[in-house]
Amino acid sequence: MIPSTVPPKYKVFVDPERCMLCERCTTECSWGVYRRQGNKILTYPNRCGACLRCVSNCPRDAITVTLNQSCGREHPVWTPEVKQDVVTQAKSGCILLSGMGNAKEYPIYFDKIVLDACQVTNPSIDPLREPMELRTYVGKKPEKLEFEYVEEEIDGKKVKKAKLETKIAPNIKLNTPIMIGHMSYGALSLNAHKAMAKAVKECGTFMGTGEGGLHRDLYGYSDSIITQVASGRFGVNSEYLNKGAAIEIKIGQGAKPGIGGHLPGEKVSAEVSMTRMIPQGSDAISPAPHHDIYSIEDLAQLIRSLKEATRWKMPVFVKISAVHNVAAIANGIATSDADAVVIDGFKGGTGAAPKVFRDNVGIPIEVAIAAVDDRLREQGNRHKISIIASGGIRNSADVFKSIALGADAVYIGTAAMVAMGCTVCGRCYTGQCAWGIATQKPELVKRLEVDDAARRVANLIHAWTHEIQELLGAAGINSIESLRGNRDRLRGVGLSEIELNTLGIKQAGM
Amino acid sequence: MKELKIDANDMDYRELNEKIHEVLDENKDLEKLVLENVLGQRFIGNGISRKDLTMIVNGVPGGDLGMFMKGPKVVVNGNADHAPGNTMDEGFVVIHGSSGDVTGHSMRGGKVYVQGNVGYRSGIHMKEYKYKFPVLVIGGAAKDFLGEYMAGGIILNLNMDQEDTEKIEGRMIATGIHGGVIYIRGIVESSQLGIAADIKEFTEEDIEKIKPYIEEFCAEFGYSNEVKEKLINSKYTKIAPISSRPFQKLYTPDLR
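Dropping the structure here:
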C-alpha cells in the first residue's frame with residue numbers, strides 16, 4: 001500500500017490547560033474529529049473541514065483550528081490542495097465532489113467597481129426623511145400604455161375618466177430587490193427552509209423552493225414562494241405549481257453550468273422522498289438537459305404549458321448559468337413568453353458539484369448582467385423580461401452594483417446561509433453539516449432553531465435594504481427603478497479598457 | 511350522462527383551453543366533453559383536476575396533451591404530437607394512433623396507452639411514489655432511448671407489427687434507469703441496452719403483472735380475444751435497473 005502523502009489541511013489543537021473534559025466537542029463535531037481517551041481529548045485532524053462548530057461551542061475557548069503549516073515542501077504550483085486532489089483521485093478513480101461556490105481566486109469585478117455620489121450641482125437625498133422607493137415588480141412590462149377615455153357625470157359635472165386598456169402581465173411585487181434563490185429541500189434541511197420562508201414573508205420578498213418540491217409545512221407561505229421546475233420534475237404537479245406566486249424553470253446553475261443535479265440516495269429521507277415524490281433511498285437524478293427542450297421554441301412550449309397549468313396567472317422565470325453567449329440565450333428567452341431570466345454567475349453556491357465544474361466553468365455574474373442588459377436593449381426586448389442576478393452577491397454594494405449594471409433584482413443564497421450560521425466549509429455534499437443547515441439527519445437538523453435563524457435572515461435583508469436606501473440617496477436617486485441599468489453611477493478602478501467596455505462603465509476620473 | 515361539445519375549428523390553443531376551463535367550471539357534473547376538429551392545439555387537458563370526466567379529442571392534438579393532468583380520461587381519435595402525458599399526475603390517455611417523441615415524459619401517475627408507434631425517448635424519467643404508479647403501453651414500436659432515466663412505473667411495449675421471435679429495432683434502451691421496469695415483446699439483445707440497464711428473467715409473476723394491462727389495452731382498442739391471448743402468451747424481454755443508485759460509484763467517497 002502506498003501511504004497517503006498529504007498531511008491534514010487543518011491543525012486541531014485542544015489546549016489541555018483550558019479543557020475541562022466536558023466532551024462537548026465530541027458530540028458537536030459531526031465529522032468524528034474528537035474522541036475522549038482517559039483524561040485527554042484526542043483529535044483526528046484529517047477529518048476536519050474547518051466548519052468551526054467545535055470552536056463556537058467550546059465553553060472554555062480551548063479549541064483552535066488553524067491551517068496546517070507543516071505541509072511539506074512549499075511550492076507555488078503544487079499546493080497542498082492540488083496534491084490532495086491528485087492523491088484522492090489516484091486512490092478512488094472518482095469524480096471529486098465539492099460544495100458551496102467557486103473557490104479559486106478569479107477577479108471579483110464587484111470589488112473593482114466604485115459607486116458615484118452626489119455633491120453640489122446635483123445634491124444627494126436624505127433617506128432618513130425622504131421616501132426611498134425600493135418596491136420592485138418582477139415580470140413583463142408593457143411596451144406602452146393605452147387608455148380609453150370615458151365621459152362620466154360626477155355631481156352634475158362631466159368628467160373625462162381614463163381607463164387602462166393595456167393588459168398588464170402578472171408580476172410579483174417585492175418590497176426590496178433582494179430575494180433568496182433556489183436551494184432545494186433535500187440539499188438543505190427543513191428547518192433551514194422554514195427559517196428562510198419566515199424571513200422572506202416578513203420582508204415582503206420571495207424564496208425559491210429549488211428542485212425538490214415544496215414540503216407541506218411551507219404551504220402557508222405560498223405567497224412568498226417561487227416554485228421550481230427542473231429536468232427531474234421532482235415534486236412537480238399542478239397543486240405544487242399553484243402553491244407558489246411564480247414558477248422558475250431551471251436550465252442551468254452557476255456552480256455547475258451544463259450539468260444536471262444529483263441528490264444522492266442517502267439524502268433522500270422519508271420526508272424528502274415524500275416531498276420529491278420518489279422512493280426513499282433512491283438517487284434523485286435531474287439530467288443535464290430537459291428532455292422536452294432542445295430549442296428556444298421547445299422552451300417556449302414548456303413556459304406556455306406551465307402558464308396553462310396555472311391559467312396564465314403567474315409569471316414564469318427561466319434560470320440559466322452565466323456562460324459566454326448568455327446574452328444571445330437571454331434574448332431568446334425574452335422572446336419566448338418568459339417573464340424573467342435568472343442569470344446565475346460562476347460564484348454561485350451549490351449543495352454538491354463536481355469540483356472541476358465549480359472551480360472552472362462559467363463566467364462572472366457582473367459581466368453577464370451587463371452583456372444581457374445591453375443585448376436586450378439593443379434588440380428592443382428589455383421590457384419583455386426582468387433580469388434577476390445571482391451567484392456571489394455578498395453585500396448591499398453588490399446588490400446595488402448589480403442593479404446599476406442592469407438587473408431588476410437579485411437572488412442571494414450563500415449569504416442567507418451564512419446568516420443562519422453556515423461557515424462556508426464546503427462539505428454540504430456529505431449531508432453531515434454540523435450546523436444543521438445542509439443535512440437531513442434529525443439530530444443535526446434540530447440544531448438550527450427556526451425562529452432564531454429566521455430572525456437573522458430577516459435582519460440581513462433589512463440591513464441591506466437600509467444600506468441600499470442610503471446608497472440611493474447618496475447617488476441622488478429616490479427610486480430603485482431609476483438605478484436599473486444606470487451605469488453612469490459606476491466607475492471602474494484597475495480594469496483594462498476591454499473589461500470596462502464589456503461592463504459598459506467608465507474609468508474612474510472620467 | 512351529461513355531454514357537451516366544443517368545435518375547435520380555427521381556435522388558437524389558448525382560446526380552446528380557456529374554453530375547456532370555462533365549460534368545466536360551469537358544468538361541475540359534466541361527464542363527457544367532445545372536442546371536434548382539433549388540429550395541433552397544444553396543452554389540451556393541461557392541469558385539469560377532474561375525476562369521472564372523459565374528453566374525446568377528434569383530430570390531432572398538439573404537444574403536451576394532458577400535461578400535469580389529474581384525473582380525467584382523454585381519448586384521442588387520431589395521432590398525437592410529442593409528450594402526451596408529460597408530468598401527468600393521474601388519469602388515462604388513450605391514443606387511437608401514434609404519438610411523437612417523449613411520450614409519457616416524467617409521468618408520475620396515471621396511464622398512457624398508444625395503439626400505434628411512439629417516438630424517441632418515450633417514458634423518459636417516469637417515476638413512482640407509493641400509490642402513484644405510471645403505466646405506458648405501446649401497441650406498435652418504440653424509437654431509441656425508451657425509458658431513459660426511468661425511475662419508476664412500468665412500460666409495456668407490445669410490438670404488435672412483428673412476431674415475438676423477432677429482434678426489435680430500438681437502441682440505448684433504458685439508459686440511466688434506476689427504478690421501474692420495461693417489458694418488450696420480442697427479442698432484445700444486451701447490446702441494445704443503455705448504461706445501468708439489465709435484462710432480467712421473465713417469469714410467471716411477470717406475466718401476471720402485465721396481463722391486466724394487456725386486457726385493458728385490447729378492450730380499449732377493440733382487439734379480439736384471439737389477439738389478446740396471443741399477446742398474453744408471447745415472449746417478452748424484461749428490462750430493469752442494475753441498481754437504484756447507478757451513479758453512486760462515480761463520485762469520490764473521501765472527504766475533501
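Protein chains in written order, with our numbering: chain A, 1 to 510; chain B, 511 to 766.
Glycine is no exception: its CB is placed at the ideal position from the N, C-alpha and C atoms.
These numbers were taken from a predicted model, which means no experiment stands behind them.
- Separation of the CB atoms of A/E470 and A/P59 is rounded to 39 Å, and the pair is thereby denied contact status at 8 Å.
- As for any beta strand (DSSP E) of minimum length 3 sitting wholly inside the stretch 574-622 of chain B, the runs are 580-587, 600-605, ordered along the chain.
- Membership of A/M179 in the beta strand (DSSP E) is indicated by the continuous run 178-182.
- Between the alpha carbons of A/Y294 and A/D344 lies a distance of about 21 Å.
- Under the three-state reduction of DSSP output, A/L306 falls in the helix class.
- Neighbours of A/Q301 across chain B, judged by C-beta separation under 8 Å: R552, G573, D574.
- A/D344 carries a strand assignment under DSSP once its states are collapsed to helix, strand and coil.
- Among the residues of chain A, those whose CB is under 8 Å from the CB of B/G686 are I285, P287, following chain order.
- The bridge partners DSSP lists for A/L188 are A/Y185.
- Interface flag for B/N589 against chain A is unset, since no Cβ pair is found closer than 7 Å.
- Counting along the chain, A/V229 sits inside the beta strand (DSSP E) bounded by residues 225-229.
- As DSSP reads the structure, A/F234 sits in no beta bridge.
- Cβ neighbours of A/I468 within its own chain (closer than 7 Å, five residues either side excluded): L134, S396, V399, F400.
- Where A/G332 is concerned, the enclosing alpha helix (DSSP H) starts and stops at 326-334.
- A/A245 is positioned such that its CB atom lies no closer than 7 Å to that of A/I168.
- Interface flag for A/L448 against chain B is unset, since no Cβ pair is found closer than 7 Å.
- In the three-state scheme derived from DSSP, where H, G and I count as helix and E and B as strand, A/Q507 is classed as strand.
- Between A/A230 and A/K250, the alpha-carbon positions lie close to 5 Å from each other.
- Shown here, A/Q89 sits in a helix according to DSSP, grouped into three states.
- The distance from the Cβ of A/F357 to that of A/K256 is about 4 Å, consistent with a contact at the 8 Å cut-off.
- For the stretch 303-323 of chain A, residues whose beta-carbon sits nearer than 8 Å to a beta-carbon of chain B comprise R304, S305, E308, A309, T310, R311, W312.
- In the DSSP secondary-structure assignment, B/L646 is bridged to B/V622, B/I665.
- With respect to chain B, the C-beta atom of A/T88 has a partner C-beta closer than 7 Å.
- By the C-beta criterion, the stretch 689-704 of chain B is judged to be in contact with the stretch 650-668 of chain B, since at least 3 inter-stretch pairs fall below 8 Å.
- At a Cβ-Cβ threshold of 7 Å, B/G572 and B/Q551 count as neighbours.
- A Cβ-Cβ separation of about 45 Å leaves A/M510 out of contact with A/A192 under the 8 Å criterion.
- Identification of residues in the stretch 208-234 of chain A having a C-beta nearer than 7 Å to some C-beta of chain B yields G232, R233, given in sequence order.
- For a Cβ distance threshold of 9 Å, nothing in chain B lies close to A/I249: the least Cβ distance comes to about 12 Å.
- B/Y723: member of the alpha helix (DSSP H) spanning 714-731, first to last residue.
- Of all alpha-carbon atoms in A/E449, A/G181, A/C433, the one lying nearest the alpha-carbon of A/G210 is that of A/G181.
- Just measuring C-alpha positions, the residue of B/D539, B/E528, B/Y523 sitting nearest B/E513 is B/D539.
- Using a Cβ-Cβ distance cut-off of 8 Å, the stretch 330-350 of chain A and the stretch 293-313 of chain A are in contact, since at least three pairs of beta carbons, one from each stretch, lie closer than that value.
- What B/K538 touches in chain A, judged by beta-carbon distance under 8 Å, is nothing: the nearest beta carbon there is about 17 Å away.
- The stretch 316-329 of chain A makes contact with the stretch 362-373 of chain A, as at least three CB pairs between them are under 8 Å.
- B/G680 sits in coil when the DSSP states are folded into three classes, being neither helix nor strand.
- Along the stretch 243-272 of chain A, the positions whose C-beta sits under 8 Å from a C-beta of chain B are H262, P264, G265, read in chain order.
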